[in-house]
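The sequence shown lines up with residues 43 to 144 when you count with the working numbering.
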Amino acid sequence: MSALTLYQIVALILLCAGLFGLTQRRSLVGMLISVELMLNGAGLSMVAAAQLTDFSAVLGQLGTLFVMGLAAAEATLVLAMIVVVARRFKSAKSSDITTLKE
Numbered sequence: 043m044s045a046l047t048l049y050q051i052v053a054l055i056l057l058c059a060g061l062f063g064l065t066q067r068r069s070l071v072g073m074l075i076s077v078e079l080m081l082n083g084a085g086l087s088m089v090a091a092a093q094l095t096d097f098s099a100v101l102g103q104l105g106t107l108f109v110m111g112l113a114a115a116e117a118t119l120v121l122a123m124i125v126v127v128a129r130r131f132k133s134a135k136s137s138d139i140t141t142l143k144e
């Protein structure tokens with residue numbers, strides 16, 4: 043089994059763990075962490091493929107930096123939305139939020 047295959051398996055495990063957490067978590071923060079896991083799996087896959095194949099390593103690293111920047115922006119936006127929802131509904135659990143307009 044090659045090193046690339048091992049990295050891709052780990053990236054797939056991260057992706058599956060994030061997808062499972064996204065569907066099973068009740069809190070909005072838990073869902074955010076699950077999405078971050080999925081994005082980290084994508085970044086790992088990109089870097090591993092770029093480093094261990096004939097593809098340009100620099101482009102793989104730039105792509106991963108783009109994914110990391112996207113994840114940071116997404117986390118900032120979602121955390122701000124969680125704060126607003128928590129103040130409005132007095133809860134950060136997704137099951138307690140049934141309507142956004144009363």
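From the three backbone atoms N, C-alpha and C, an ideal C-beta is built for every residue, glycine too.
DSSP three-state call for residue i: helix, strand or coil?
i   : result
S69 : strand
Taking residue i and residue j to be in contact with their CB atoms under 8 Å, please state how far apart those CB atoms are, rounded to whole angstroms.
i   : j    : result
S69 : S136 : 7 Å
A25 : A99  : Nothing about residue 25 can be read from this structure; the chain reaches only from 43 to 144.
L74 : V125 : Contact flag wrong, Cβ pair sits at about 12 Å.
Using alpha carbons as the reference points, say which of the options lies closest to residue i.
i    : options            : result
V109 : G85, V125, A134    : G85
S44  : L94, V126, L74     : L94
Q103 : A134, M88, Q66     : M88
E116 : L48, V71, R67, F97 : V71
Following the continuous alpha helix (DSSP H) through residue i, name the residue where it begins and the one where it ends.
i    : result
I124 : 99-131
Is any non-hydrogen atom of the ligand SAM found closer than 6 Å to the C-beta of residue i, if you look at the structure I gave you?
i    : result
T106 : Inclusion of the ligand SAM in the displayed structure is not the case, the ligand content being empty and no account of it being possible.
Subject >> Three CB pairs or more closer than 8 Å across the stretch 45-60 and the stretch 77-97 >> reply: yes
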